[in-house]
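In my numbering, the protein residues as written are 814 to 937.
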């Protein structure tokens with residue numbers, strides 16, 4: 814799966830395509846690049862329909878467009894989250910050996926004692 818994020822000012826749209834070639838051709842259409850069909854160069858109109866029925870028609874080229882291979886970007890997110898998990902594990906290890914953290918006093922909230930001989934909580 815491939816995505817094309819199209820930006821106009823502070824607005825963006827996401828178009829999705831099954832094939833890489835179709836996604837890249839959509840970017841070309843949005844920028845008004847001519848299409849080469851069987852050796853015949855045809856001026857492009859700025860109307861694009863993605864593989865899920867979203868149609869976008871633009872009068873001017875976008876400010877920016879980002880092409881994304883979603884299978885590769887999925888691995889990017891996996892690697893980022895693995896890196897965060899490794900960092901968290903390192904923080905826990907260092908906290909266990911940090912003298913300032915180990916020298917903490919008793920917890921502020923102590924567990925409640927069971928009822929005392931007079932039926933009151935908190936002692937004998």
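Where a beta carbon is used, it is the ideal one built from N, C-alpha and C, also for glycine.
Can you name, in chain order, every residue of its own chain whose Cβ lies under 8 Å from the Cβ of residue 878, other than the five neighbours on each side?
-> So the qualifying residues of the chain are 817, 818, 819, 820, 840, 843, 844.
What are the residues that DSSP puts in a beta bridge with residue 820?
-> Note: residue 820 sits in a beta bridge opposite 825, 877.
Nearest neighbour of residue 814, chosen from 863, 822, 858, 859 [CA to CA] = Of the candidates 863, 822, 858, 859, the one whose C-alpha sits nearest the C-alpha of residue 814 is 863.
Residue 829 beta carbon less than 8 Å from that of residue 865 = Yes; because the gap between Cβ atoms is below 8 Å, this pair is in contact.
Cβ-based burial, residue 861 [other Cβ within 10 Å; buried from 16] = The residue in question, residue 861, is buried, as its Cβ has 16 or more Cβ neighbours within 10 Å.
Out of curiosity, what's the CA-to-CA distance linking residue 913 and residue 907?
-> Cα to Cα, the separation comes out at about 11 Å.
Assigned secondary structure, residue 808 (DSSP; H/G/I helix, E/B strand, else coil) = Absent from the structure is residue 808, since the part of the chain shown begins at 814 and ends at 937.
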